[in-house]
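Numbering (our numbering), first residue to last: 832 to 1047.
Just so you know, even glycine gets a beta-carbon here, dropped at the ideal spot from N, CA and C.
The structure under discussion appears below in the form of C-alpha cells.
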C-alpha cells in the first residue's frame, strides 16, 4: 500500500480488506470508509520477539493497527513526511520517526552495538535515541517524520557519507556506521560546548537526512 502525498506534512493510504497498516498513535488525521483502529500488542510482523525487543529497548512509541476498507490521512505534530518504498531490503529507522508502514513488513529491533561496535553504542547515547533502532524488512512502504524535510544521500564503498547524528533519520542497504569526534566550525570560532561528533556511514545503500538538527 503505497502512500499518496497530500502535501509535505500529510500523506494518504488506501486501506483494503485483508491487509493492514501500522501507524503511530495519534497520527490519524482523517479517514473515509469503514476503517478501524486498535492498539497493537505485538507491533507488526515481528510477533512476540519484536515486542520483547522493543520492551528491552525501552521503546516508547505505541502503534495502532489500521484495518478495513477506506482511506486514511496521516500526519503528526506538523512534521515533514518522507516516504520510502522497500523492495525486499531492510530499513533502519529510529522508532519515534515512524509515522506509518505496511503491515506486510517484518519489524524487529537491532542493537546498535552490532553496527560499529562500541562506537555504535556511543552513537545511541549521543543522539539520545537509545542503544537500539527499529528495523523494517520486506516489500512495502514506510512513512517517516523529520524536521524541515528529508534528503536522500547515496552511500557507496568509494564515497562514505558523514552525517551530524542529530540530523540522521534512517538508512537502508548494506551499511556500517561508526561515530567519530571531529573539530567543527563551532569549536574553531570558540562557540563549541564540547566535542563535535560525526556519524560515518560506509558500504552500499542510502541514508536519509533531515534538514534540521532538532529532535522530534
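- Three or more beta-carbon pairs separated by less than 8 Å are not found between the region 840-848 and the region 980-998, which leaves the two stretches without contact.
- Counted as a single uninterrupted DSSP element, the beta strand (DSSP E) harbouring residue 869 occupies residues 859-870.
- The beta carbons of residue 868 and residue 897 sit about 6 Å from each other, so the pair counts as a contact at 8 Å.
- Residue environment for residue 1041: buried (at least 16 other C-beta atoms within 10 angstroms of its C-beta).
- Only residues of its own chain outside the window of five on either side were considered, and among them 855, 857, 858, 930 and 976 have a CB closer than 7 Å to the CB of residue 907, listed in chain order.
- With fewer than 16 neighbouring CB atoms inside 10 Å of its own CB, residue 835 falls in the exposed class.
- Boundaries cannot be given for residue 908, as no beta strand (DSSP E) includes it and DSSP labels it neither H nor E.
- For residue 844, the secondary structure class from DSSP, reduced to helix, strand or coil, is strand.
- For the pair residue 923 and residue 1003, the CB atoms are nearer than the 8 Å cut-off.
- According to the DSSP secondary-structure assignment, residue 1011 is paired through a beta bridge with 1029.
- Per DSSP, residue 926 has no beta bridge partner at all.
- Here residue 1032 is not near residue 967, since their CB atoms are 8 Å or more apart.
- Take the alpha-carbon of residue 900 and the one of residue 997: they are about 38 Å apart.
- Nearest C-alpha to residue 971 among 838, 852 and 848: 852.
- Pairing residue 895 with residue 861 gives a Cβ-Cβ distance that is not under 8 Å.
- The alpha-carbon separation between residue 1001 and residue 849 amounts to approximately 29 Å.
- For residue 989, the three-state secondary structure derived from DSSP is coil.
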